[in-house]
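Working notes, structure below.
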Amino acid sequence: MGKTVCSHKIVILGDMGVGKTCLSIRYSYGKFSSTHEATIGGCFLTKDEELDDHVVKYEIWDTAGQERYHSLAQMYYKNAIAACVVFDVTNRESFEKCQQWVSELHEKALPEILITIVGNKIDLDGHQVTREEAEGYCKKLNLQYYEVSAKQNIGVDKVFREIAKRLPAESTNRKKNTLKEKKKDQDTKTGGAGGAAGAGQCTSC
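1 is the number of the first residue of the sequence shown in UniProt numbering; add one for each residue after it.
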């Protein structure tokens, strides 16, 4: 008998160039490329995360980091049950912007939204934000913090798996479905407002 499939919308937010799309593509495809263009508007992907008693089908909305697209973000995080707010550990300004995103989510997103902070690019030298500082900030707000490298594939799967464990064991986007015993091929779609970036287009990762 198949496991119950629970669909959940998760949005990826953060400043331009922090590696949001690379994080999404690394998790969804297991691939990395640093040669693509910036996301325009948004990018949509899906990925199944199989847990012991059910399957979380992520509907991943990767958003553009450019300031001119900021007004579109609310459309993407509307009705999202989870959000990954990403910053670049070698860029302090992106950490400060990350805190602004958290404040905005608390003000405008669903009250029950699960917010996770992700520090990307830990493979690089010249860190401007320490783990201790980021963890201290998250502790004050009761948020989970993870450090990753989308480029080196360090910690990426763990982020989404841990989020999946904390989500409701029922769909928040649509009715439950059953996962057939034969594993379905991953279904990935791209699209977004104001244009779309293909699933492989990203800024510096």
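Glycine included, every Cβ here is placed at the ideal spot set by N, Cα and C. Bear in mind the structure is a predicted one, so any value in this text is a computation, not a measurement.
Fewer than three Cβ pairs drawn from the region 125-133 and the region 157-167 lie within less than 8 Å of each other, which leaves the two stretches out of contact. Residue burial annotation: Ala169 is exposed, with fewer than 16 other C-beta atoms found within 10 angstroms of its C-beta.
If one requires a minimum length of 3 residues, the beta strand (DSSP E) runs lying completely within the region 75-103 are 82-88, in chain order. Judged by DSSP in its simplified three-state form, Leu143 adopts coil rather than helix or strand. In this structure, DSSP gives Leu23 a helical state, which the three-state scheme calls helix.
For Lys108, the CB contacts under 8 Å within the same chain, skipping 5 residues up- and downstream, are Gln74, Tyr77 in chain order. CA-to-CA, the gap between Asp52 and Ser103 works out to about 34 Å. By the Cβ rule, the region 7-22 counts as touching the region 44-60, because three or more pairs are nearer than 8 Å. Taking a contact to require three or more Cβ pairs closer than 8 Å, the region 77-93 and the region 110-119 qualify as touching.
One Cα belongs to Ile25, the other to Gly17, and the distance between them is close to 15 Å.
Of the candidates Phe32, Ser33, Tyr137, Tyr27, the residue whose Cα lies closest to the Cα of Leu45 is Tyr27. For Trp101, the closest of Cys22, Ser33, Thr63, Arg131 by C-alpha to C-alpha distance is Thr63.
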